[in-house]
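Trainee: Protein chains in written order, with my numbering: chain X, 1 to 182; chain Z, 183 to 364. Got a structure here, written out as structure tokens. Questions coming.
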DNA sequence: GAAAAAAGTCAACATGACTGACATAAATCA
DNA sequence: TGATTTATGTCAGTCATGTTGACTTTTTTC
């Protein structure tokens, strides 16, 4: 499906283009477009899992980060997703109502709502990670040794400089603590 | 702005993580999240350019591909973007109405509408490429030699296998005009 | 001359963003 | 204590962008 092959048929050689186009400064057009296509397929993977639940990509993102950071506060989630609390509200409510996320008042600060994945939520989040990991594993094995480290460094370097430290720590705290300490 | 740093306060060192969680199958959670954050910043770049024109990201995508493939047919554009013609219709009409894209009947097949960027459209598309290229150039230079080729191969490998050939040809078409293929 | 193809359009609807205003409970400050 | 701030939630309306389905016009092809 999704054949863009006929695009290639006549291949109207644009060779006769004007000389002004090449712009010697910085044109990484190929990478720009590859990034677009790669990400499109990458985020499309969870769709088939989402659909039966009546969930969308917003639910995926929320559940993913809640699962990765059990006990996180709502404000933290908002900062990660960079959406408004009204936007988050609807999606989060559905996840809570349908038993994928648990929202408990904080022990030390009872204003806070700490978010935890339920067993059901953990299972679904695992499915998301599994399907996207499958794609990544395939890609990396095609690229040979060193590809994982290269990909990681490239992606980190693509992130806004002022956010990198925070993102890296967020990303790496994964396998560690799972205790509802907070 | 957008500080997720407070998320890091406790920063549970992942070194001491238990061996149980890591799930030996395939969990590339770090790369999954880095891809998310990197792409978010990457597509956010054109926003500042878009806003003054009252355009959105859909306009960016359409103008970008029209500019890269002058004279492309509407159907080809639909196949690249993978949206319906009704969705494309609105965005394309605005781009045509405001003089960024030119829509001309095909010479050989007069049913076709061939899409061309106007001078104004070309200039705007160049701005988009420039700002995103700037980010990529910075990232690659941080990663050292070989990073560009590594990034390109990784991104291609992340694309659905059945689309890769078409995407690669599409992506490299513009370059073909500038330099004989390697 | 009939059928198929390329494109455009109308209408209705879904998702996931947004702003603005306001409510409530709990913590903190003076 | 009382006032203020903080964390969260919610109502209401809007916008951007996607979807289906039905239908038209023009032009090409069989």
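Idealized CB from N, CA, C, for every residue including glycine. Just so you know, these numbers come straight off a predicted model, no measurement behind them.
State buried or exposed for residue 215 of chain Z, treating a residue as buried only when at least 16 other CB atoms are found within 10 Å of its CB.
Mentor: For this step, residue 215 of chain Z is matched to residue 33 along the second chain. It is buried - the Cβ of residue 215 of chain Z has at least 16 other Cβ atoms within 10 Å.
Trainee: For residue 136 of chain X and residue 74 of chain X, what's the separation of their Cα atoms in angstroms?
Mentor: Taking the first chain and counting its residues from 1, one reaches residue 136 of chain X at position 136. Taking the first chain and counting its residues from 1, one reaches residue 74 of chain X at position 74. Cα to Cα, residue 136 of chain X sits roughly 29 angstroms from residue 74 of chain X.
Trainee: Measuring CB atoms only, is the region 235-243 of chain Z touching the region 323-342 of chain Z, in the sense that at least three cross pairs come out at less than 8 angstroms?
Mentor: The region 235-243 of chain Z vs the region 323-342 of chain Z: no contact.
Trainee: Would residue 283 of chain Z count as contacting chain X if we go by Cβ distances under 8 angstroms?
Mentor: Reading the second chain from its first residue, position 101 is the one you call residue 283 of chain Z. Output row for residue 283 of chain Z: interface = no.
Trainee: So, does the CB of residue 229 of chain Z fall closer than 8 angstroms to a CB anywhere in chain X?
Mentor: Residue 229 of chain Z sits at position 47 when you count from the first residue of the second chain. Not one chain X Cβ lies under 8 angstroms of residue 229 of chain Z.
Trainee: Anything in chain Z within Cβ reach of residue 28 of chain X, meaning under 7 angstroms, just list it in chain order.
Mentor: Position 28 of the first chain, counting from 1, holds the residue named residue 28 of chain X. Residues of chain Z passing the Cβ test: 315, 318 and 319.
Trainee: Can you give me the start and stop residues for the alpha helix (DSSP H) that residue 321 of chain Z sits inside?
Mentor: Translated into the one-based positions of the second chain, residue 321 of chain Z becomes position 139. That run of the alpha helix (DSSP H) goes 301-325.
Trainee: Name the two residues that bound the continuous beta strand (DSSP E) containing residue 160 of chain X.
Mentor: One-based indexing of the first chain puts residue 160 of chain X at position 160. No beta strand (DSSP E) holds residue 160 of chain X; DSSP gives it neither H nor E.
Trainee: Label residue 47 of chain X either buried or exposed according to how many other C-beta atoms from any shown protein chain fall within 10 Å of its C-beta, with 16 as the threshold for buried.
Mentor: The count along the first chain starts at 1 and reaches residue 47 of chain X at position 47. Result: exposed.
Trainee: Residue 144 of chain X: buried (16+ other C-beta within 10 angstroms of its C-beta) or exposed?
Mentor: Numbered from its first residue, the first chain carries residue 144 of chain X at position 144. That one is exposed.
Trainee: If you measure from the beta carbon of residue 159 of chain X to each beta carbon in chain Z, is any gap under 8 angstroms?
Mentor: Translated into positions along the first chain, residue 159 of chain X becomes position 159. For residue 159 of chain X, the answer is yes, since a Cβ of chain Z falls inside 8 angstroms of its Cβ.
Trainee: So, helix, strand or coil for residue 264 of chain Z, using DSSP?
Mentor: By 1-based counting over the second chain, the position of residue 264 of chain Z is 82. In the structure shown, residue 264 of chain Z sits in coil (DSSP, three-state: anything other than H, G, I, E or B).
Trainee: Report the three-state DSSP secondary structure of residue 169 of chain X (helix, strand or coil).
Mentor: Here residue 169 of chain X corresponds to residue number 169 of the first chain, with the count starting at 1. Of the three classes helix, strand and coil, the one that applies to residue 169 of chain X here is helix, per DSSP.
Trainee: Taking residue 152 of chain X as the query, report the chain Z residues whose CB atoms sit under 8 angstroms from its CB, ordered along the chain.
Mentor: Residue numbering aside, residue 152 of chain X sits at position 152 when the first chain is read from its first letter. Per Cβ cutoff of 8 angstroms: 212, 213 and 216.
Trainee: Is it right to say residue 287 of chain Z is buried, meaning 16 or more other beta carbons lie within 10 angstroms of its own, or is it exposed?
Mentor: Sequence index remark: in the second chain, residue 287 of chain Z carries index 105 (1-based). Classification of residue 287 of chain Z: exposed, given that the 10 Å Cβ count is below 16.
Trainee: Which whole-angstrom value is the C-beta distance of residue 64 of chain X and residue 125 of chain X, which I expect to be below 8 angstroms?
Mentor: On the first chain, residue 64 of chain X is found 64 positions in, with the first residue counted as 1. On the first chain, residue 125 of chain X is found 125 positions in, with the first residue counted as 1. That belief holds up - the Cβ atoms of residue 64 of chain X and residue 125 of chain X are roughly 6 angstroms apart, short of 8 angstroms.
Trainee: Using CA atoms only, rank isn't needed, just tell me which of X:153, X:92, X:128 and X:116 is closest to residue 320 of chain Z.
Mentor: The residue you call residue 320 of chain Z lines up with position 138 of the second chain. Among X:153, X:92, X:128 and X:116, the Cα nearest to that of residue 320 of chain Z belongs to X:153.
Trainee: To the nearest whole angstrom, what separates the beta carbons of residue 298 of chain Z and residue 253 of chain Z, a pair I think is in contact under 8 angstroms?
Mentor: On the second chain, residue 298 of chain Z is found 116 positions in, with the first residue counted as 1. On the second chain, residue 253 of chain Z is found 71 positions in, with the first residue counted as 1. About 6 angstroms separates the two Cβ atoms, so the contact holds.
Trainee: Can you give the Cα-Cα distance for residue 39 of chain X and residue 99 of chain X, rounded to whole angstroms?
Mentor: Taking the first chain and counting its residues from 1, the one referred to as residue 39 of chain X is at position 39. Taking the first chain and counting its residues from 1, the one referred to as residue 99 of chain X is at position 99. Roughly 29 angstroms separates the two Cα atoms.
Trainee: Does DSSP put residue 104 of chain X in a helix, in a strand, or in coil?
Mentor: Position 104 of the first chain holds residue 104 of chain X. Residue 104 of chain X falls in the strand class under three-state DSSP.
Trainee: Is residue 73 of chain X helix, strand or coil when you go by DSSP?
Mentor: Within the first chain, the letter at position 73 stands for residue 73 of chain X. If DSSP states are grouped into helix, strand and coil, residue 73 of chain X belongs with the strands.
Trainee: Can you round the beta-carbon distance between residue 103 of chain X and residue 96 of chain X to whole angstroms, since I take them to be within the 8 angstroms contact cut?
Mentor: By one-based count along the first chain, residue 103 of chain X stands at place 103. By one-based count along the first chain, residue 96 of chain X stands at place 96. With 8 angstroms as the limit, residue 103 of chain X and residue 96 of chain X qualify as a contact, their Cβ atoms being about 5 angstroms apart.
Trainee: For residue 166 of chain X, does the count of other Cβ atoms within 10 angstroms reach 16, so buried, or fall short, so exposed?
Mentor: By 1-based counting over the first chain, the position of residue 166 of chain X is 166. So residue 166 of chain X ends up on the buried side.
Trainee: When the cut-off is 8 angstroms and only beta carbons count, does residue 220 of chain Z lie next to chain X?
Mentor: Indexing the second chain from 1 puts residue 220 of chain Z at position 38. So, interface residue.
Trainee: Below 8 angstroms on the Cβ atoms is my contact criterion, and I expect residue 323 of chain Z with residue 28 of chain X to pass it. Report the Cβ-Cβ distance as a whole number of Å.
Mentor: Taking the second chain and counting its residues from 1, one reaches residue 323 of chain Z at position 141. Taking the first chain and counting its residues from 1, one reaches residue 28 of chain X at position 28. So it is not a contact: roughly 11 angstroms between Cβ atoms.
Trainee: Leaving aside the five residues before and after residue 49 of chain X along the sequence, list all residues of the same chain whose C-beta is less than 7 angstroms from its C-beta, in chain order.
Mentor: Counting from one through the first chain, the residue named residue 49 of chain X turns up at place 49. Cβ neighbours of residue 49 of chain X beyond the five flanking positions: 127, 128 and 131.
Trainee: By DSSP, does residue 272 of chain Z sit in helix, in strand, or in coil?
Mentor: Taking the second chain and counting its residues from 1, the one referred to as residue 272 of chain Z is at position 90. Three-state result, residue 272 of chain Z: helix.
Trainee: Leaving aside the five residues before and after residue 242 of chain Z along the sequence, list all residues of the same chain whose C-beta is less than 7 angstroms from its C-beta, in chain order.
Mentor: Your numbering for residue 242 of chain Z matches position 60 in the second chain. Same-chain partners within the cutoff: 228, 232 and 310.
Trainee: Find out if the Cβ-Cβ distance for the pair residue 354 of chain Z, residue 30 of chain X is shorter than 8 angstroms.
Mentor: Translated into the one-based positions of the second chain, residue 354 of chain Z becomes position 172. Translated into the one-based positions of the first chain, residue 30 of chain X becomes position 30. It is a contact, given that the beta carbons lie within the stated cut-off.
Trainee: Excluding the 5 residues preceding and the 5 following residue 248 of chain Z in the sequence, name in chain order all residues of the same chain whose CB lies nearer than 6 angstroms to its CB.
Mentor: The count along the second chain starts at 1 and reaches residue 248 of chain Z at position 66. Within the same chain, residue 248 of chain Z has close Cβ partners 283, 297 and 299.
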